[in-house]
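Below you can see the structure in the form of structure tokens.
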């Protein structure tokens, strides 16, 4: 009788928590190894502000088509070099719906080698299963979210690590398209 009670209690409390963590992990990034902040989708704006108390004065916030766009920069040390991470977070009704980050890693000659070293650091974490060895562009799309990690080129021939995650939702997607059109980023 006691064994049955223990099993029922485990089923009610422990196992759902484990499966919930697995589901949450599928829509979460894990880049602390390279100094990137891992924000959690669906967290509220107050949680975000509490997380970055030290950077609060450097935050820029604007509202575009009902989407709160929050941007800020943060200095990190990555592979013994000082780098600046540019964050761009998008909130809808004070809930985090998407975020991206970008790190300038140098010119087109040295950037690929630097990127390969960063990939080795990231691959130490099994939770970044969508990033495979031997590539430069990675994306994982599910019914709930899309996450990506990439190396991109800028107009001035510098290259950057660019990554992020966003929810998949028809309403959110339409608002995001409207935002891109309004800010002339859709071309």
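In mature numbering (1 follows the signal peptide of the UniProt record, and there is no 0), the protein residues as written are -19 to -1, 1 to 168.
Idealized CB from N, CA, C, for every residue including glycine.
On a predicted model such as this, the values are computed, not experimentally measured, just so you know.
Neighbour-count burial assignment, residue i, 16 or more Cβ in a 10 Å radius
i: residue 28; result: exposed
i: residue 3; result: Note that residue 3 has pLDDT 36, beneath the 50 cutoff, so the model's placement of it is unreliable and no number is given.
i: residue 30; result: exposed
i: residue 149; result: exposed
i: residue 63; result: exposed
i: residue 109; result: buried
Beta-carbon gap between residue i and residue j smaller than 8 Å
i: residue 89; j: residue 138; result: yes
i: residue 99; j: residue 82; result: no
i: residue 51; j: residue 163; result: no
i: residue 158; j: residue 10; result: no
i: residue 73; j: residue 54; result: no
Inter-residue Cα distance where the pair is residue i and residue j
i: residue 141; j: residue 91; result: 11 Å
i: residue 111; j: residue 104; result: 10 Å
i: residue 160; j: residue 47; result: 9 Å
i: residue 106; j: residue 144; result: 16 Å
i: residue 68; j: residue 115; result: 26 Å
Neighbourhood of residue i by C-beta distance below 8 Å, restricted to the same chain and skipping five residues each side
i: residue 75; result: 25, 26, 27 and 49
i: residue 117; result: 93, 96, 131 and 132
i: residue 59; result: 15, 16, 84 and 99
i: residue 113; result: 119
i: residue 123; result: 7, 8 and 149
Contacting residues, own chain, Cβ-Cβ under 6 Å from residue i (five flanking each side not counted)
i: residue 102; result: 14 and 15
i: residue 79; result: 71 and 147
i: residue 41; result: 52
Beta-bridge partners of residue i, as assigned by DSSP
i: residue 143; result: 83 and 131
i: residue 126; result: 148
Same chain, Cβ closer than 7 Å to residue i, five either side skipped, listed in chain order
i: residue 23; result: 76 and 77
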